[in-house]
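S.K.: Heads up: the sequence shown at position 245 corresponds to 245 in full-length UniProt numbering, and the numbers run straight through without jumps.
Here a beta-carbon is modelled for each residue, glycine too, at the ideal position from N, C-alpha and C.
Okay, handing you the structure first.
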Amino acid sequence: MRRSSRLLVRQIASQTTHQNNIPAAITSKKRKNNEETSRSKAKLAKKESKKQSSVNHHHHHASDDLKTSPQTKKTKTSNKKEKKVKDNSSLHENNHPLRYQKWLGGHMSISGGLYNAAIDAHQTGAGAFGLFLRNQRQWDSKPLLDEAANQFQQVCKEMKFTPWQILPHGSYLMNCGSPNPDTLQKSRNALIDELKRCEKLGLMLYNFHPGSSRGEISRTECIQLIAESINIAHRATNKVITVIENMSNQKNVIGGSFEELAEIINRVDDKSRVGVCLDTCHTFAAGYDIASKKGYKKTMDEFDSVVGFQYLRAMHINDSKGELGCHLDRHENIGKGKIGLKAFKLIMNDSRLNNIPMILETPSRFEMNYNDEIKLLYSLCD
């Protein structure tokens, strides 16, 4: 997104406590600019009016994702920018029909405000997105203000993201199965805080890493602590579903096998508020072969048998730098790693994976970004 366009949307979002209609604010500013231009340069205004008519016609026939998009803002410096906006819009108009069943998107930055994640996700042509709810490398964070929560919900509504298409990611500091009492208590407090933030933002899902025994307690004891942490957080909050991410089976980290995920779920009291996020890189690194058609079928059948697809609430879509069973959590761009495109084609055409957020956490590189990877993945749909 061009900086000036993004700044405009941020300014509009910051006014939501006074203006409930973002598109109306944009339209008003357009009208004022056109009137000033008409008075000063009548000939130029006539030419620009013709261009604006063309742009308006384009947006009238666009998908619902664009009907209220802040991208329609027109500026005096705009010939090149208008083309940029139109090109970004085509991401939404020309996607494969499965875009509305396969909710793809990237993990977005919250720099400058939570609502920027929704704006940036929309720019990539996404049907979903992930984000952190606060600084994920600090235990203590400032409270989530009502104004910030309202801005986020307003912009998500404008960008056509529903609460089920947004997957917050928990803090990396948390270890809800920690053998250290101080760390365990801090982790439980953080889990409760982040679930409450989800509630305030109107979100339904919350993804987190289960935890580690650190080699100081048995895996069974660690699993019990994780389940207890979830139960405590559930009693302190309402509705939001805690989504446990599968891990790469590295050393003392819990959640590298489907059996361990099932054990945690079995110990959670409210089964309606617990689910699983399958990370493709973690799955492959843990030793589950999803790279071949035969291996993919076996893996998914095993997941259904051990955990159950009714608990699958989200996915992280990543290729793997490491080989099958390497136990390394090293993400790679789609089609550039050891998993390969065949697996992602199987995923994109698996109807059991419809209507859940599928979040990319791949490296950001000049030659490949979320825009490219989203297009690539949709191109794999039959």
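1. Where does residue 129 land, buried or exposed, given buried means 16+ other C-beta within 10 angstroms?
2. Please return the same chain residues whose Cβ sits closer than 7 Å to the Cβ of residue 179, not counting the five positions on each side in sequence.
3. Drop a sphere of 10 angstroms on the beta-carbon of residue 284, count the other beta-carbons inside from all chains shown, and report buried for 16 or more, exposed for fewer.
4. Can you tell me which of 268, 351, 307 and 160 puts its alpha carbon nearest to the alpha carbon of residue 242?
5. When DSSP labels each residue in this structure, what does residue 289 get in the three-state scheme?
6. Residue 156 lies in the alpha helix (DSSP H); which residues open and close that run?
7. Do you know offhand how far residue 174's Cα is from residue 226's?
8. Assuming residue 191 is part of the beta strand (DSSP E), what are its boundary residues?
9. Go ahead and pull the three-state DSSP assignment for residue 209.
10. On the three-pair Cβ rule with 8 Å, is the segment 328-341 touching the segment 302-311?
11. Can you tell me whether residue 143 is buried or exposed, with buried defined as 16 or more other CB within 10 angstroms of its CB?
12. Are residue 104 and residue 121 closer than 8 Å when you measure CB to CB?
13. Grouping DSSP H, G and I as helix and E and B as strand, with all else coil, what is residue 386?
14. If we call anything under 8 Å between Cβ atoms a contact, is residue 223 one with residue 275?
15. Between which two residues does the beta strand (DSSP E) holding residue 176 run?
16. Using 8 Å as the threshold, is the C-beta distance between residue 170 and residue 209 below it?
17. Residue 322: buried (16+ other C-beta within 10 angstroms of its C-beta) or exposed?
M.R.: Inspection of the coordinates gives the following:
1. Translated into the one-based positions of the sequence shown, residue 129 becomes position 129. Buried is the call here.
2. Stepping through the sequence shown from its first residue, residue 179 is reached at position 179. Within the same chain, residue 179 has close Cβ partners 213, 214, 216 and 217.
3. Taking the sequence shown and counting its residues from 1, one reaches residue 284 at position 284. By the 10 Å Cβ count, residue 284 comes out buried.
4. In the sequence shown, the residue the question calls residue 242 occupies position 242. For residue 242, the nearest C-alpha among the options comes from 268.
5. By 1-based counting over the sequence shown, the position of residue 289 is 289. Residue state, collapsed to three classes: coil.
6. Taking the first residue of the sequence shown as position 1, residue 156 is located at position 156. That run of the alpha helix (DSSP H) goes 146-158.
7. Along the sequence shown, one-based indexing puts residue 174 at 174. Along the sequence shown, one-based indexing puts residue 226 at 226. Computed Cα separation, rounded: 11 Å.
8. As a first step, residue 191 must be located in the sequence shown, where it is residue number 191. No beta strand (DSSP E) holds residue 191; the alpha helix (DSSP H) holding it covers 181-201.
9. If you number the sequence shown from 1, residue 209 lands on position 209. Residue 209: coil per DSSP, three-state reduction.
10. no
11. On the sequence shown, position 143 is the one that residue 143 refers to. Burial call: exposed.
12. For this step, residue 104 is matched to residue 104 along the sequence shown. For this step, residue 121 is matched to residue 121 along the sequence shown. For residue 104 and residue 121, no; Cβs fall outside 8 Å.
13. The structure shown does not extend to residue 386, since the chain is modelled only from 1 to 382, so the question has no answer here.
14. Translated into the one-based positions of the sequence shown, residue 223 becomes position 223. Translated into the one-based positions of the sequence shown, residue 275 becomes position 275. Cβ distance not < 8 Å, so residue 223 and residue 275 don't count as in contact.
15. For the purposes of this step, residue 176 is taken as residue 176 along the sequence shown, with counting starting at 1. First-last for residue 176: undefined, no H or E at that position.
16. Within the sequence shown, the letter at position 170 stands for residue 170. Within the sequence shown, the letter at position 209 stands for residue 209. In contact: residue 170 and residue 209 (Cβ atoms closer than 8 Å).
17. Reading the sequence shown from its first residue, position 322 is the one you call residue 322. So residue 322 ends up on the buried side.
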